[in-house]
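Notes for the one structure printed next.
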Amino acid sequence: METIITRFPPSPTGYLHVGGARTALFNWLYARQNHGKFVLRIEDTDTVRSTQASVDAIFDAMRWLELDWDEGPYFQTQRFDIYRTYLQKLLDSGDAYYCTCSPEDVEAMRQKAMATGAKPKYDGRCRERGLPPSPNAVIRFKSPLSGTTVVEDVIKGNIVFQNREQDDFVICRSDGTPTYNFVVVVDDITMGINTIIRGDDHVMNTPKQILLYKALKAPLPVFGHVPMVLGKDKARLSKRHGAMSVTAYRDMGFLPDAFLNYLARLGWSHGDQEFFTRQELIEKFSLKNIGRSPGVFDVDKLTALNADHIRATPVGQLAPRVLPFMRQKGYDAADDAYLVGVIGTLHARSKTLVEMADGAHFYYREDVRPYDEKAARKFLKPAVAPVLTMLAEALEALPDLAEKTQEAAFKQVMEKAGLGFGKIAQPVRVALTGTSVSPGIFEMIAVLGKARVLARLKAAGEYIQSLEST
Ligand code: GLU
819 METIITRFPP SPTGYLHVGG ARTALFNWLY ARQNHGKFVL RIEDTDTVRS
869 TQASVDAIFD AMRWLELDWD EGPYFQTQRF DIYRTYLQKL LDSGDAYYCT
919 CSPEDVEAMR QKAMATGAKP KYDGRCRERG LPPSPNAVIR FKSPLSGTTV
969 VEDVIKGNIV FQNREQDDFV ICRSDGTPTY NFVVVVDDIT MGINTIIRGD
1019 DHVMNTPKQI LLYKALKAPL PVFGHVPMVL GKDKARLSKR HGAMSVTAYR
1069 DMGFLPDAFL NYLARLGWSH GDQEFFTRQE LIEKFSLKNI GRSPGVFDVD
1119 KLTALNADHI RATPVGQLAP RVLPFMRQKG YDAADDAYLV GVIGTLHARS
1169 KTLVEMADGA HFYYREDVRP YDEKAARKFL KPAVAPVLTM LAEALEALPD
1219 LAEKTQEAAF KQVMEKAGLG FGKIAQPVRV ALTGTSVSPG IFEMIAVLGK
1269 ARVLARLKAA GEYIQSLEST
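Letter by letter, the sequence shown follows residues 819 to 1288 in my numbering.
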């Protein structure tokens, strides 16, 4: 069987956005599933709008998403010799010709066509003139005058275009630079691309490209045009629907696998399954299950899926991912057993890595004071001081603070003080974290360890005393 070769060819005129990432993902999944190749190509011929910063941002996003490529990155600006060879081929075969009509001439032709109710187009004036190259000449493709061009789209079905509506489009400008549709076709042919999945904003280009394939006697690839991504209000996704750049989602604490899972579901389905690991996506992806209606981007759904992925990821694997967020908050955290313990208490309750780092504050602050005012007022009352002392003594006497071992100490204090667990747990929580919301008491104590726990219980006792003496 033929090796499947797909490609992702972003134009570096901005960051990698949600729709682009989904296109990259679909092509990557299809290549991986078929043990094929995934090619990365940078379409930088628009030298005015292309920037190195955008190229870097695209690489950065692809790496974060772990969408690795087997070939490339190719840069179109480094391939002009190849394009020239292919232009010459078309000139030699009579499928292209030089045209010296000025932009004003062409505009007049368009106006004339429109006046008769026809589609505005170049009228083919230089088509049979056999003009030689000259400084102001463009090269036009000799488009067939009749018949149809059919895009056999694996997603949309057959789309039929009338050739008579297609004009002899320019494939090389008078300054010698080849045009977009031409270079894409030359690249796709020379890179052996046989499957093209792209946004349906490109569907109008496809008949032109098919005509070029035919003139160059190259086999046609499989085409699939994916409907756009919309915002919740059904308008095309834009900045006002939230962040557009893929790396903004990294910075908001999303996991790459959760983000990919969500992107895949934006336009593709497998029954009613929502949660997919990367491996499952590779196994289950299929072109025929790409939907015909636009995907609606919903950050709440993405967040819920992220929570599921965080929960499903082994804590050891989360550690290096959450570490940058810890550092950002100024915590002196390292990828060590303590961090793994910390994550173990937080990962079932965090929807994003940012939320996880937020929730870890008390693990990395030496002193959790000042206490949250409301929590302290409610739970650190004079009657609690002896209970905290009792608990500190009971915990100190234990050989270790494993969750099971602690239970005995708590029981002992509950009996002595004649209090239920709830009455003890909240003051302890405030003492250990400075707030009234945290992971479970036992698991938290096990992670904090004896030294921190005893110091914090003692500090809370002193705090209560200081209140009494004022
Ligand atoms: N460079 C084009 C874009 O960024 C993609 C062209 C294609 O997929 O053929 O939209």
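Ideal placement from N, C-alpha and C gives every residue a C-beta, glycine not left out.
Have a look at the DSSP bridge pairing and note the partners of residue i.
i	result
PRO914	Note on identity: in this sequence residue 914 is Ala, with Pro being the wrong assignment. The partner list for ALA914 (beta bridge, DSSP) reads PHE959.
CYS776	In the structure as shown, the chain starts at 819 and stops at 1288, and residue 776 therefore has no counterpart that could be examined.
SER1063	HIS835
PHE856	THR824
THR1013	VAL1040
GLY975	ASP971
VAL988	ARG958
VAL1114	LEU1048
VAL1108	The sequence shown places Ile at residue 1108, rather than the Val named in the question. For ILE1108, which the question treats as bridged, DSSP gives the partners TRP1086.
GLN980	THR966
PRO996	CYS990
Ignore the nearest five residues each way along the sequence and tell me which others in residue i's own chain have a CB closer than 8 Å to its CB.
i	result
GLY1162	VAL1133, GLU1261 and VAL1265
ALA931	LYS937, PRO938, LYS939 and ASP941
GLY837	GLY1017, MET1046, VAL1047 and LEU1055
ASP888	ALA849, LYS855, PHE856 and VAL857
LEU949	TYR915, TYR916, CYS917, THR918 and ALA955
LEU905	ALA914, ILE957, ILE989, CYS990, PRO996 and PHE1000
ASP1190	VAL1248, GLY1252, THR1253 and SER1254
VAL1021	VAL969, ASP971, LYS974, ILE977 and HIS1043
ASP1019	MET1046
GLU1214	LYS1268 and LEU1272
PHE1239	PHE1228 and MET1232
ALA933	none
Spatial neighbours of residue i within its chain, please: C-beta separation below 6 Å, excluding the five flanking residues on both sides.
i	result
GLY965	ASN981
ARG1068	TRP882
VAL978	THR966 and VAL968
LEU1157	ALA1137 and ALA1151
VAL1064	LEU834, ALA839 and ALA879
ARG1096	ASP1075
VAL1231	MET1208, LEU1209 and ALA1212
PHE1077	TYR1067
PRO827	ARG859 and GLU861
GLN894	GLU861, ASP862, THR863 and VAL1001
Please work out which residues of its chain come closer than 7 Å, Cβ to Cβ, to residue i, disregarding the five sequence neighbours upstream and downstream, and give them in chain order.
i	result
ARG945	TYR915, LYS960 and ASP986
GLU1173	GLY1071
ILE1100	LEU847, ARG850 and GLN851
THR869	PRO830
THR821	GLY854 and LYS855
SER1111	PRO1045
Quiz item: Around the ligand GLU, which residues pass a check of Cβ closer than 6 Å to any of its heavy atoms?
Solution: PRO827, PRO828, SER829, GLU861, VAL1002, ARG1016 and HIS1020
Quiz item: Where are the beta strand (DSSP E) runs, 3 residues long or more, that stay fully inside the region 1127-1186, in chain order?
Solution: none
Exercise. Within the region 1037-1081, note down every full alpha helix (DSSP H) run reaching 4 residues or more, in order along the chain.
Key: 1064-1069
Quiz item: Which ranges would you report for the alpha helix (DSSP H) in the region 877-928 if only whole runs of at least 4 residues count?
Solution: Uninterrupted alpha helix (DSSP H) stretches at least 4 residues long and entirely within the region 877-928 occur at 898-910, given in chain order.
Exercise. Let me know the beta strand (DSSP E) ranges lying completely inside the region 1228-1254, each 3 residues or longer, listed in chain order.
Key: Taking only runs of at least 3 residues, no beta strand (DSSP E) segment lies wholly in the region 1228-1254.
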